[in-house]
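To start, the structure itself, in structure tokens.
2 protein chains.
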Amino acid sequence: MTPPRRTPEGTSPQDATTASSPSVPRKAPGVKDVAALAGVSVGSVSNVINRRDSVRPDVRERVEAAIAQLGYKPNPTAQALRRGTSPLVGVAVFDLTNPFFMEAAAAMERVLSREGYIMTLSSTHASVQEERELLEALGRQAVRGVLLTPADCTHEAATRLAAEGTPVVLFDAANAPEGIPSVSIDDRAGAALAIEHLLALGHRRICFLNGPADMRQSAQRLAGVEDALAHWQQLTGADNVRLTVLNATAYTAQAGHCAAENSVSQALQATDGTAPTAIFCANDLLAMGVMSYLRVSGWTIPTDVSVIGFDDIPLAAQMPVPLTTIRQPMDELGTAAAELLLSGTDTPARHLTFNPVLTIRESTAHPTR
Amino acid sequence: MTPPRRTPEGTSPQDATTASSPSVPRKAPGVKDVAALAGVSVGSVSNVINRRDSVRPDVRERVEAAIAQLGYKPNPTAQALRRGTSPLVGVAVFDLTNPFFMEAAAAMERVLSREGYIMTLSSTHASVQEERELLEALGRQAVRGVLLTPADCTHEAATRLAAEGTPVVLFDAANAPEGIPSVSIDDRAGAALAIEHLLALGHRRICFLNGPADMRQSAQRLAGVEDALAHWQQLTGADNVRLTVLNATAYTAQAGHCAAENSVSQALQATDGTAPTAIFCANDLLAMGVMSYLRVSGWTIPTDVSVIGFDDIPLAAQMPVPLTTIRQPMDELGTAAAELLLSGTDTPARHLTFNPVLTIRESTAHPTR
DNA sequence: CTGAAAGCGCTTACAG
DNA sequence: CTGAAAGCGCTTACAG
Chain A
1 MTPPRRTPEG
11 TSPQDATTAS
21 SPSVPRKAPG
31 VKDVAALAGV
41 SVGSVSNVIN
51 RRDSVRPDVR
61 ERVEAAIAQL
71 GYKPNPTAQA
81 LRRGTSPLVG
91 VAVFDLTNPF
101 FMEAAAAMER
111 VLSREGYIMT
121 LSSTHASVQE
131 ERELLEALGR
141 QAVRGVLLTP
151 ADCTHEAATR
161 LAAEGTPVVL
171 FDAANAPEGI
181 PSVSIDDRAG
191 AALAIEHLLA
201 LGHRRICFLN
211 GPADMRQSAQ
221 RLAGVEDALA
231 HWQQLTGADN
241 VRLTVLNATA
251 YTAQAGHCAA
261 ENSVSQALQA
271 TDGTAPTAIF
281 CANDLLAMGV
291 MSYLRVSGWT
301 IPTDVSVIGF
311 DDIPLAAQMP
321 VPLTTIRQPM
331 DELGTAAAEL
341 LLSGTDTPAR
351 HLTFNPVLTI
361 RESTAHPTR
Chain B
1001 MTPPRRTPEG
1011 TSPQDATTAS
1021 SPSVPRKAPG
1031 VKDVAALAGV
1041 SVGSVSNVIN
1051 RRDSVRPDVR
1061 ERVEAAIAQL
1071 GYKPNPTAQA
1081 LRRGTSPLVG
1091 VAVFDLTNPF
1101 FMEAAAAMER
1111 VLSREGYIMT
1121 LSSTHASVQE
1131 ERELLEALGR
1141 QAVRGVLLTP
1151 ADCTHEAATR
1161 LAAEGTPVVL
1171 FDAANAPEGI
1181 PSVSIDDRAG
1191 AALAIEHLLA
1201 LGHRRICFLN
1211 GPADMRQSAQ
1221 RLAGVEDALA
1231 HWQQLTGADN
1241 VRLTVLNATA
1251 YTAQAGHCAA
1261 ENSVSQALQA
1271 TDGTAPTAIF
1281 CANDLLAMGV
1291 MSYLRVSGWT
1301 IPTDVSVIGF
1311 DDIPLAAQMP
1321 VPLTTIRQPM
1331 DELGTAAAEL
1341 LLSGTDTPAR
1351 HLTFNPVLTI
1361 RESTAHPTR
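Given below as structure tokens:
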């Protein structure tokens, strides 16, 4: 053997000086260094790291001492290459800026980092194109798993990724394919809850400000709204509820503000007796934007008009008019998703559904008109 | 050569059947497959990928055709191991749940993904311990770089990481060490701006609800408050301004609400003529919590008391009482930080400082008491 | 310009 | 139980 430890090409100027010139970043110790120090082979070092029990106690002790002395940490990249899987878990949400996702992401990170994984958080901007690209990139990274809020209803890319062996769990996706585990709340039931609350308060002219029509969440919440209405009519035998459905362009406060300005306010000002007395917004952010516009336009909440949201983001309770809303347990959702992912693929795919709960605060009241 | 392509251990049941049983996940093609198809060596394949110009045009074409036909994508893990750097960029913030950080993170992701990097977003919970652990983990991942909101004022772990060769840029850190590039706004000037605004409106009894006293942001904003006061006294020659400084336990709406309940409201109710007529909150979230409590307690904003925040998160404009605040250009901050990171370490470390700007909305007015 | 070979740092059957 | 060796998929001097 010649001086073999360096790559032939990697001889930087500093390397020419004494092995450990103090200002030069010391090369991190590797298995070989540990093996040398402990007087064993690299295989044994690896064994104490990966299969502790299959190694004689005294060897283990020597190796562990060497590891401690050198401050040795395995190189995760090399482990990933060899094992075919890395300590990364990819999390892909629609929008990094939406508190709903971030609450869930924070919960996910809690369980992932507790188990030694690193969370890779990215946004798909609810685009199926970006989702596909991201999923492919994550697949190539050999991530330990992927937690995805799917934009693509066909679940094509996700299914492929799963078929290639990467555990995937769908988050906030109701119609998950059989083979892929999922965690979500019952959006439909949640929306029904909101309408029932409004109905119970006495509202008969209701505006539903939904999100973009092509999103699954929107479709389901609309279905829930219609469920509640149908049920009500069946119960009362009367066809006395008027529903106005509007769509915002995104699930953001800004979009809510715009929608309020452009369409909600017109509905509210109808003089033919159809003006809504309550607005159900498909998420809290939308509700905030709406309330903001309403206030500027001189409406008082809930006196002039009731507003109810969806999600119960932390800010909902902190609004000047604390928002009545449908609570999604974001924390539990995130935790469950992460745990499901790590719990392994051995069991058949499970689909967890959480129940939304009506949280009454001050933005809803009996109608005065 | 014997049948050499498989790892000796990796012979799963399916592999025993015909090479490409349809239900089995096809092994992704590698350089060797491309080389074989193109009739060249793997070295040449690698060359067309990494040093396009050093390869004869006709060879390049054949290789590119093979790559396209096979849908070949380089394995980033192997590249990372060999090159010593991965396509990952680590971003570490205090709190995934704070819109300020997430706005910036969204901007960072925009530039990073445009350049082909993957963002790894994690939270340090503003703990120096967690920060150190995270930085070490990222270092071991051989990430392309790290964008950090530092909790540790000594910048010890960050400095070490940088010394080991990982590019680091500090984000929202004013007192960055010489050697590490940083991006931040002038917190001190921003806080002064807020106080000047209040003073100009005629307020003479001001409450400053700061964040946790041990955070750098808090210290600087307090300094800015004092600057403005000193300057005012110098200008007017009068010592007629009364400042009350309070600390919230965190930079959250919740903490703001608690602070309002526990201390701010007491100050407000002082009957000895010291009751503040305006409150400067060290961030918008705090301001939201405060406003929420104030409203419940019967105060009207801005008539009874003015409130001004800091950050200008998107929701600030969407509050029922749109919040006057000091705007940080989160987008630009994030973009600049990411670009600084990728622009390379060749230039001397740069420290970019952005100017905060006073954004007047409706939560501040002349005092009425 | 191209091919063959070494090596990144690890893990894992396999033979002793 | 341990050591030596092969190999994960790529990149890069180096010799032709």
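Residue numbers (our numbering), protein chains in the order written: chain A, 1 to 369; chain B, 1001 to 1369. Quick reminder that beta carbons are idealized off the backbone N, C-alpha and C, glycines included. These figures come from a predicted structure and were not determined experimentally.
- request: Give the straight-line distance between the Cα atoms of residue 1223 of chain B and residue 1289 of chain B, rounded to the nearest whole angstrom.
  value: 23 Å
field: Length of the line joining the Cα atoms of residue 1216 of chain B and residue 1275 of chain B
entry: 28 Å
- request: Give me whichever residues DSSP pairs with residue 973 of chain B in a beta bridge.
  value: What the structure shows of chain B is the stretch from 1001 to 1369, and residue 973 of chain B is not part of that stretch, so it cannot be assessed.
message: residue 1325 of chain B and residue 1312 of chain B - do their beta-carbons sit closer together than 8 Å?
response: yes
Distance, residue 151 of chain A Cα to residue 128 of chain A Cα: 5 Å
CB contact check: residue 1106 of chain B to chain A, cutoff 8 Å: yes
query: So is residue 366 of chain A buried or exposed if we call it buried at 16+ other beta carbons inside 10 Å?
result: exposed
- request: For the segment 209–221 of chain A, enumerate the residues whose C-beta is nearer than 8 Å to any C-beta of chain B, in chain order.
  value: none
- request: Might you give, ordered along the chain, the residues of its own chain that have their beta carbon closer than 6 Å to the beta carbon of residue 183 of chain A, omitting 5 neighbours on each side?
  value: 171, 333, 336, 337 and 352
task: Starting from the Cα of residue 328 of chain A, find the closest Cα among A/283, A/160 and A/291 and give me that residue.
output: A/283
- request: Note down, one range per segment and in chain order, each beta strand (DSSP E) of at least 3 residues found wholly within the segment 1246–1290 of chain B.
  value: 1278–1281
- request: For my contact list, residue 306 of chain A and residue 201 of chain A are in at a C-beta cut-off of 8 Å; report their separation, rounded to the angstrom.
  value: 7 Å
message: For residue 239 of chain A, which residues in the same chain have their Cβ closer than 7 Å to its Cβ, ignoring the five residues on either side in sequence?
response: 233
query: Start and end of the beta strand (DSSP E) containing residue 120 of chain A?
result: 118–123
- prompt: Based on Cα-Cα distance, which residue from B/1316, B/1295, B/1148 and B/1117 lies nearest to residue 137 of chain A?
  reply: B/1117
message: Against residue 1103 of chain B, what residues of chain A qualify as contacts under a CB-to-CB distance less than 8 Å, listed in chain order?
response: 97
task: Report the residue ranges of all alpha helix (DSSP H) runs contained in full by the segment 1295–1365 of chain B; include only those spanning at least 4 residues, in chain order.
output: 1330–1342
query: Is it a yes or a no for the segment 153–169 of chain A touching the segment 100–109 of chain A, going by three-plus beta-carbon pairs under 8 Å?
result: no
- request: Closer than 8 Å, Cβ to Cβ, to anything on chain A: give me those residues from the segment 1238–1269 of chain B, in chain order.
  value: 1252, 1253, 1254, 1256 and 1257
Any C-beta of chain B under 8 Å from that of residue 206 of chain A: no
query: Between residue 1119 of chain B and residue 90 of chain A, what straight-line distance do the alpha-carbon atoms span, to the nearest angstrom?
result: 10 Å
message: Run through chain B and tell me which residues come within less than 7 Å of residue 302 of chain A, C-beta to C-beta.
response: None at all; the shortest Cβ gap to chain B is about 12 Å.
field: Contact check, residue 123 of chain A vs residue 1109 of chain B, beta carbons under 8 Å
entry: yes
- prompt: Among residues of its own chain, excluding the 5 on either side of residue 64 of chain A, which ones have a beta-carbon nearer than 7 Å to its beta-carbon?
  reply: 48
query: Which of the residues in the segment 108–123 of chain A, read from start to end, lie with their CB under 7 Å from any CB of chain B?
result: 109, 118, 119, 120, 121, 122 and 123
query: To the nearest angstrom, how far is it from the Cα of residue 301 of chain A to the Cα of residue 361 of chain A?
result: 12 Å
task: Would you mind sorting residue 1114 of chain B into buried or exposed? The rule is 16 or more other CB atoms within 10 Å of its CB.
output: exposed
task: Please decide whether residue 50 of chain A counts as near chain B, where near means a Cβ-Cβ distance under 8 Å.
output: no
- prompt: Anyone know if the C-beta pair for residue 208 of chain A and residue 241 of chain A falls short of 8 Å?
  reply: no
- prompt: chain B partners of residue 274 of chain A, CB-CB under 9 Å?
  reply: Result: empty, since nearest Cβ-Cβ is about 26 Å, beyond 9 Å.
query: Along the chain, where does the beta strand (DSSP E) that runs through residue 210 of chain A open and close?
result: 205–210
field: Opening and closing residue of the beta strand (DSSP E) in which residue 170 of chain A lies
entry: 168–171
Coarse secondary structure for residue 367 of chain A, derived from DSSP in three states: coil
message: Please state whether the Cβ-Cβ distance between residue 341 of chain A and residue 167 of chain A is less than 8 Å.
response: yes
- prompt: Among the residues of its own chain, which have a CB less than 8 Å from the CB of residue 254 of chain A, if the five just before and after it don't count?
  reply: 289
message: I'd like the ranges of any alpha helix (DSSP H) spanning at least 4 consecutive residues and lying wholly in the segment 59–106 of chain A.
response: 76–83
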